[in-house]
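A.B. asks:
Residue numbers (the numbering used here): 2 to 152.
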């Protein structure tokens with residue numbers, strides 16, 4: 002999970018309202034604590050969902066999932082309970098604080114269009130002989146280098 006102290010796997014996709022609501026709640030709790038979080042949106046990149054499946058060793062992980070210093074804290078119910086008891090602040094102690102402003106590069110979305118293909122995901126590759134950019138995900142996006150960890 003790289004060098005980030007706090008990592009949140011979530012979805013911004015509103016298709017399943019209870020899941021989206023739980024993800025929104027946990028993000029709001031962490032922002033309220035002013036904690037810097039590496040937010041990994043599984044709906045924006047299939048590789049992030051694969052990463053979470055490997056970490057949890059299950060095919061259909063419940064979202065959101067919070068990790069601190071490489072250890073699983075839990076899902077929305079776990080985070081809410083820790084927050085209500087005051088324990089969450091202790092769990093995330095030592096985490097970097099949020100920067101005072103929104104990222105100028107991505108506007109806080111944590112992704113930006115691929116420079117190599119312009120976000121079309123269709124750059125010609127001499128190696129494969131086809132049109133597929135290998136520098137971005139299936140949506141033609143890359144994680145923002147200014148505010149996200151590599152990986």
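Backbone N, C-alpha and C fix where the C-beta goes; we use that ideal spot for every residue, glycine too.
1) Sort 48, 53, 13 by Cα distance to residue 72 and report the nearest one.
2) Just to confirm the assignment, what range does the alpha helix (DSSP H) spanning residue 19 have?
3) Between which residues of its own chain and residue 97 is the CB-CB distance below 7 angstroms, once the five residues before and five after are set aside?
4) Output yes or no for whether 8 angstroms exceeds the beta carbon distance between residue 80 and residue 64.
5) Using the rule of at least 16 other Cβ atoms within 10 Å of the residue's Cβ for burial, across every protein chain shown, is residue 55 buried or exposed?
6) Please name the residue, chosen from 111, 11, 92, that lies closest to residue 144 on a Cα-to-Cα basis.
7) Starting from residue 9, trace the beta strand (DSSP E) both ways and give me its first and last residue.
8) Starting from residue 133 and walking both ways along the beta strand (DSSP E), at which residues does that stretch end?
9) Do the segment 8-28 and the segment 39-46 touch if we need at least three Cβ pairs shorter than 8 angstroms?
10) Run through DSSP, which three-state label would residue 113 get?
11) Are residue 77 and residue 27 touching if we call contact CB-CB under 8 angstroms?
12) Return yes when the Cβ of residue 69 is within less than 8 angstroms of the Cβ of residue 43, no when it is not.
C.D. replies: Here's the rundown:
1) 53
2) 18-33
3) 6, 37
4) no
5) exposed
6) 111
7) 7-11
8) Looking at the DSSP string, residue 133 is not in any beta strand (DSSP E), and its letter there is neither H nor E.
9) Touching, yes, given that three or more Cβ pairs across the two stretches are closer than 8 angstroms.
10) Strand, per DSSP.
11) yes
12) No, the Cβ-Cβ distance between residue 43 and residue 69 is not below 8 angstroms.
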